[in-house]
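Letter by letter, the sequence shown follows residues 1 to 110 in UniProt numbering.
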Amino acid sequence: MEVKDEPHNSDSSSLPAALIEKRMYCWGQADNGELGLGTAYDQQSIIISPVAPDFPLSRAVKQVSCGRFHTLVITESGQVYSCGNNEFGQLGHDKDNKSLSKLITHHQSI
Numbered sequence: 001m002e003v004k005d006e007p008h009n010s011d012s013s014s015l016p017a018a019l020i021e022k023r024m025y026c027w028g029q030a031d032n033g034e035l036g037l038g039t040a041y042d043q044q045s046i047i048i049s050p051v052a053p054d055f056p057l058s059r060a061v062k063q064v065s066c067g068r069f070h071t072l073v074i075t076e077s078g079q080v081y082s083c084g085n086n087e088f089g090q091l092g093h094d095k096d097n098k099s100l101s102k103l104i105t106h107h108q109s110i
């Protein structure tokens, strides 16, 4: 089993914990959807145990990057997913305020 620690934003209160066999596990602040855990975790502000996101990450994960309230994931096939607070359009898709795990199909200028 390959376990790879991922670099993260040290200012972030949420962060991916590790990539284990190319699957992301995360914990931390979840109230902006930044962990990609879906609506079940929306009301819980802090997740204390590592959880695998339920968004389309049955695909192999290559890299994870965190902002303070959002997360971007690159899959082995080159797809990019984003989740979390999108107040300033930082997720790369429509400017809905909060987004749960969307595939970025085109980049919109901010």
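Heads up, the beta-carbon is just placed ideally off N, CA and C, and yes, glycines get one too.
Asked	Found
8 Å CB neighbourhood of valine 61 in its chain, flanking five on each side removed	Leu19, Lys22, Arg23, Met24, Val73, Ile74, Thr75, Glu76
For proline 50, the three-state DSSP class (helix, strand or coil)	strand
Reduced DSSP category for glutamine 90 - H, G, I as helix; E, B as strand; rest coil	coil
Test item: CB-CB of isoleucine 47 and leucine 35 under 9 Å	yes
Cβ separation of histidine 70 and glycine 89, assumed to be a contact under 8 Å, to the nearest whole Å	Not quite, the Cβ-Cβ distance comes to about 11 Å (not below 8 Å), so this is no contact.
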